[in-house]
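Protein chains in written order, with the numbering used here: chain Y, 1 to 378; chain P, 379 to 756.
See structure below.
2 protein chains.
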Amino acid sequence: MNASEPEPSGAPDAGLLAEGERAVWAALGRVVEPGDERVGELIDERGPEEALARLTRALPAGVEVPDGAREIARGALIGARLICRGEVGWPTQLDDLGPARPVALWARGSASLRVLAVRSVAVVGARACTGYGQRLAADLSASLTERGWTVFSGAAYGIDAAAHRGALVVGGPTVGILGCGVDQVYPRANEQLLRRIAEHGLLLSELPLGAHPNRPRFLQRNRVIAALTRGTVVVEAARRSGSLNTARWAADLCRQVMAMPGPATSSLSAGTHELIRRGAVLVADAGEVVEQVGEIGTDLVATAEGRERLRDALAPETLRVLESLPASARGGSVESLVQRSLLGPDVVLRRLYELLSLGLVERLGAHWRLNPACKGTS
Amino acid sequence: MNASEPEPSGAPDAGLLAEGERAVWAALGRVVEPGDERVGELIDERGPEEALARLTRALPAGVEVPDGAREIARGALIGARLICRGEVGWPTQLDDLGPARPVALWARGSASLRVLAVRSVAVVGARACTGYGQRLAADLSASLTERGWTVFSGAAYGIDAAAHRGALVVGGPTVGILGCGVDQVYPRANEQLLRRIAEHGLLLSELPLGAHPNRPRFLQRNRVIAALTRGTVVVEAARRSGSLNTARWAADLCRQVMAMPGPATSSLSAGTHELIRRGAVLVADAGEVVEQVGEIGTDLVATAEGRERLRDALAPETLRVLESLPASARGGSVESLVQRSLLGPDVVLRRLYELLSLGLVERLGAHWRLNPACKGTS
Chain Y
1 MNASEPEPSG
11 APDAGLLAEG
21 ERAVWAALGR
31 VVEPGDERVG
41 ELIDERGPEE
51 ALARLTRALP
61 AGVEVPDGAR
71 EIARGALIGA
81 RLICRGEVGW
91 PTQLDDLGPA
101 RPVALWARGS
111 ASLRVLAVRS
121 VAVVGARACT
131 GYGQRLAADL
141 SASLTERGWT
151 VFSGAAYGID
161 AAAHRGALVV
171 GGPTVGILGC
181 GVDQVYPRAN
191 EQLLRRIAEH
201 GLLLSELPLG
211 AHPNRPRFLQ
221 RNRVIAALTR
231 GTVVVEAARR
241 SGSLNTARWA
251 ADLCRQVMAM
261 PGPATSSLSA
271 GTHELIRRGA
281 VLVADAGEVV
291 EQVGEIGTDL
301 VATAEGRERL
311 RDALAPETLR
321 VLESLPASAR
331 GGSVESLVQR
341 SLLGPDVVLR
351 RLYELLSLGL
361 VERLGAHWRL
371 NPACKGTS
Chain P
379 MNASEPEPSG
389 APDAGLLAEG
399 ERAVWAALGR
409 VVEPGDERVG
419 ELIDERGPEE
429 ALARLTRALP
439 AGVEVPDGAR
449 EIARGALIGA
459 RLICRGEVGW
469 PTQLDDLGPA
479 RPVALWARGS
489 ASLRVLAVRS
499 VAVVGARACT
509 GYGQRLAADL
519 SASLTERGWT
529 VFSGAAYGID
539 AAAHRGALVV
549 GGPTVGILGC
559 GVDQVYPRAN
569 EQLLRRIAEH
579 GLLLSELPLG
589 AHPNRPRFLQ
599 RNRVIAALTR
609 GTVVVEAARR
619 SGSLNTARWA
629 ADLCRQVMAM
639 PGPATSSLSA
649 GTHELIRRGA
659 VLVADAGEVV
669 EQVGEIGTDL
679 VATAEGRERL
689 RDALAPETLR
699 VLESLPASAR
709 GGSVESLVQR
719 SLLGPDVVLR
729 RLYELLSLGL
739 VERLGAHWRL
749 NPACKGTS
């Protein structure tokens, strides 16, 4: 990624911490290695400021004390923002990780993580996948997206890339969680894909800007994928595939663990078959995935209180799109919403998918309309 | 099948009932529709003779009273023999069906059902299967046979036929359980296959000679397949495939229910995937099947008492082959056993597979030897 990209239009979530507090979290992100529970406990017991002070005192001589404010400013220059614990934008699902939760998340892209995480599924699998697996991942992902579910994945080669592409093909958002800084381009060949994910959804990382990927970081990254989503689907995996590690995290976190079958003769399905034997739910299509992870958004819109909670979580842009929707049962086309909202077509579509994932709107072919179940919200 | 086939060399199992009693069971087989529990209870309470008397009294005027002795004589002419309850050859596994168990079984082929059933697996599936399913069934079956397990199936088109063929290809026995009389050729195109099954293993049916197949009979036939075997593997099946009925019987009888996965996109694997979702064990190869059904034969040969029980179950021919095996660790070739036993090579091979399924012998490439764990038996 480079600085020539448009900057995000500002933090989409209101309710940021004070600048000084944000700088502390940014600095902590620089000194804490992902998943370090002891440091996590220290932060929980002493608070971030004292934890940071202790950690920096313990730094070996000659190691630079991190400057959180400078980190945040540097991020802003390249379109990366920090989401801190305690802020409105913080996805509280991560708190299920206890002291192992990330100290903060770097994000590229203007979509709201909290909104996208409400109805989200991780779609992961082998880097060295088959054509069958690739098609399966792309189709599953496209179909989940059309049903208003957001696909989260690891932006790696193979199944991950196919999953992100499937979501993008139908115009939906998708979230890539990286094992390196959000400013890094890894793997190199996914440069275009990474840019498109940031444009239409989000790139996320708990690692500081500039951080390089390595195996332990990939494994810790997997816990974030599992924690942010309601369930993990492994599409294709050999017996020792790293994607099985994401499934293990999902199981530990009491998320749904799902796996797709493949030919009994395919070594690249041996891992998913093993998962199924150990209790993962066999899923063959998006309908079966949705059956497992449940209709959270729809459940929320069913009550007035739920609808209010949803509205509170909406970014101003999203609210504008919601309010541009006509009250008619026929709804409106993207073009008509562009005219009413004075937002660009890309932005309108992205926000519509957010609203879809929340169950606030429905798609009827090229038209979008308010979900009849929650007309009271607009 | 026709009368030009060689007659079986006589009942391979000693311990037949008296002729009159056998005639009663044969006659019952003619008047009882498979799986009729009320009649089964009547037989259990009153004994076969009184049950037959009552049933024939209840026959509509003009319906011929069956002549069991004539049935048995007619069977002998075409190489079919009757296995009655209470005889040494009766597979006691069927008693798990309670009053729904068959009254008697007709068999074509000289192999011992009791021996073959000790380590047996049902391999079943769709008639209209894919090439993938066909290869899978044949490979699984060949591999199970080589490990000393006998494959039972329904001798239908598709997966069933592939399963039988896989066993025959590696020279093993296999058991076909029919939904019609054992003298019927159904389906017509399987004529060659049916003949080879009878030559190298067994064709079985609880239906009387001349009985035609129909849907209820196929469904009842499935309970016999499930009951005779230690577990059922469904290789490929659409959502409403009849083979799922065999799996249901297996589950009801506390047998292992296993299913093979296939592409998530294949409607012909939708049935096996559904089975797996409902608790069937996903198996990808013969090793995984054996893991589920356990090493019964090997367990038996581990004790002196078990070895005696096994020897008692052996047909004289089988015993002759067992006694022809040299005591050396190298064992002997089929040719050398033909010379020692004065039996034909086909017979020797068939009996060796019986002994293999009992765990009494081992195969070392082209050589066969006594299982070192049970040298005391010969």
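Glycine is no exception: its CB is placed at the ideal position from the N, C-alpha and C atoms.
As the structure is a computational prediction, the values presented were derived from the model and not from experiment.
Residue span of the alpha helix (DSSP H) that contains residue i, given as start and end
i        : result
ILE276/Y : 270-277
TRP249/Y : 243-252
PRO345/Y : 345-357
ARG57/Y  : 37-57
PRO263/Y : Premise fails: PRO263/Y is in no alpha helix (DSSP H) and is neither H nor E.
ALA401/P : 397-409
PRO694/P : 694-702
Interface residues of chain P facing residue i [CB-CB closer than 8 Å]
i        : result
ALA286/Y : Residues of chain P passing the Cβ test: none, with the nearest at roughly 11 Å.
VAL281/Y : ARG655
ALA270/Y : ALA662
HIS273/Y : PRO639, LEU660, ALA662
Under 9 Å from the C-beta of residue i: neighbouring residues of chain Y
i        : result
GLY640/P : PRO261, GLY262, PRO263, ALA264
LEU514/P : PRO263, ALA264, THR265
Endpoints, the beta strand (DSSP E) within which residue i is located
i        : result
LEU581/P : 580-583
ALA500/P : 498-502
HIS367/Y : 367-370
Which of helix, strand or coil DSSP assigns to residue i
i        : result
VAL151/Y : strand
GLY79/Y  : coil
GLU362/Y : strand
ARG505/P : coil
GLY554/P : strand
HIS164/Y : helix
ARG479/P : coil
SER341/Y : helix
VAL293/Y : helix
TRP90/Y  : coil
TYR132/Y : helix
ASN190/Y : helix
VAL65/Y  : coil
ASP13/Y  : With a pLDDT of 42 at ASP13/Y, under the threshold of 50, the modelled position of that residue is not reliable, and the figure given next carries that caveat. ASP13/Y: coil per DSSP, three-state reduction.
ARG617/P : coil
ASP473/P : helix
ASP561/P : coil
VAL115/Y : helix
ASN214/Y : coil
ALA515/P : helix
VAL547/P : helix
ALA605/P : helix
GLY665/P : helix
ALA156/Y : coil
SER328/Y : coil
ALA691/P : coil
Beta bridge counterpart(s) of residue i as assigned by DSSP
i        : result
THR232/Y : ALA122/Y, VAL257/Y
SER333/Y : HIS367/Y
TRP484/P : LEU460/P, SER583/P
VAL659/P : MET636/P
Contacting residues, own chain, Cβ-Cβ under 6 Å from residue i (five flanking each side not counted)
i        : result
THR624/P : VAL502, ASN600, ILE603, ALA604, THR610
PHE108/Y : In the sequence under discussion, the amino acid at residue 108/Y is Arg, which differs from the Phe named in the question. Closer than 6 Å at Cβ, skipping near neighbours: GLY79, ALA80, VAL182, ALA198, LEU203.
PRO6/Y   : Only weak support exists for where PRO6/Y lies, its pLDDT of 38 falling under 50; the coordinates are left without a value.
ALA545/P : SER519, THR523, VAL529, THR552
ALA541/P : VAL501, ALA515, SER519, VAL529, SER531
GLU415/P : PRO477, ALA478
Amino acids of chain P, ordered along the chain, whose beta-carbon sits closer than 7 Å to that of residue i
i        : result
HIS164/Y : Under the 7 Å cutoff, chain P gives no residues; its nearest Cβ is about 19 Å from HIS164/Y.
Sequence-distant residues of its chain with Cβ nearer than 7 Å to residue i (five each side left out)
i        : result
PRO208/Y : GLY29, ARG30, GLU71, GLY181
GLN220/Y : PRO34, GLY35
LEU17/Y  : CYS84, GLY86, GLU87
VAL63/Y  : none
Neighbourhood of residue i by C-beta, 8 Å cutoff - its chain only, sequence neighbours within 5 removed
i        : result
LEU82/Y  : ARG22, TRP25, ALA26, GLY29, GLU71, ILE72, GLY75, ALA104, LEU105, TRP106, ALA107
VAL170/Y : ALA142, THR145, GLU146
LEU703/P : GLY709, GLY710, LEU715, VAL739, TRP746, ARG747, LEU748, SER756
Query raised in the report: Name the residues in the segment 111-142 of chain Y whose C-beta lies less than 7 Å from a C-beta of chain A; which are they?
Result: Looking for chain A here will not work: the only protein chains present are Y and P.
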